[in-house]
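Following our numbering, the numbering of the sequence shown begins with 55 at its first residue and continues without gaps.
Cβ atoms here follow ideal geometry from the backbone N, Cα and C, with glycine treated the same way.
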Amino acid sequence: MYIGRIEFEDKSKIEADVVILATGYDGNKKLKAIMPESFRSLVDYPSGLIPLYRGTIHPLIPNMGFIGYVETVANLHSSEMRSMWLSRLVDKKFKLPGVPTMLDKTLKEMEVMKRTTRFYKRNCISIYNVNHNDEICEEMGWTAWKKKT
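Have a look at this one:
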């Protein structure tokens, strides 16, 4: 790979600002196949979950986002929220906390995910989806709408 362009197996090249890999099934296998060796172990976590801050980025893997990896009760809405979050991050509309803070928060969320259901082979935030989206909005500088009671 070259800065600003991608070279394919047939040696053809294209200019690109963003590359989207839609992995479909067996996403972990496909991700590991394209990642540099030094990052492969970071997506192979013992619990089967990948530690993703805001369900989108791994604090130790630069310049890569994961949309749709964390499941919720409303995957389409969550993927849209994370896409907006990631695009605002790339556009430098807000700053991330430090790596230790992101890792700490992410590991705590993973512990909660493990206890939410006996089927925790994938990242799933179904029981705290609303809170998760509120945190994403807050980080982007948006006010989460709350119904007055």
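Taking R142 as the centre and dropping the five residues before and after it, the same chain places the C-beta of F148 and M194 closer than 7 Å to its C-beta, in chain order. Assignment of I121 by DSSP, reduced to helix, strand and coil, places it in the coil class.
E192 and R108 have their C-alpha atoms spaced approximately 12 Å apart. An exposed status is given to V73, since fewer than 16 other beta-carbon atoms sit within 10 Å of its beta-carbon.
A buried status is given to H186, since no fewer than 16 other beta-carbon atoms sit within 10 Å of its beta-carbon. The beta carbon of N183 sits closer than 8 Å to those of T126, V127, A128 and S132, all from its chain and outside the five residues before and after it, given in chain order. Taking C-beta atoms as the reference points, T110 and R136 count as a pair closer than 7 Å. Around the beta carbon of I88, fewer than 16 other beta carbons sit within 10 angstroms, so the residue counts as exposed. Counting every other CB atom within 10 Å of its CB across the protein chains shown gives L114 a total below 16, marking it as exposed. Within 10 angstroms of the beta-carbon of I68 lie fewer than 16 other beta-carbons, which makes it exposed. Counted as a single uninterrupted DSSP element, the stretch harbouring K67 is not any alpha helix (DSSP H) but the beta strand (DSSP E) occupying residues K67 to E69. Within the same chain, and ignoring the five residues on either side of E63 in sequence, no residue has its Cβ closer than 6 Å to its Cβ.
As for any beta strand (DSSP E) of minimum length 3 sitting wholly inside the segment 82-165, there is none.
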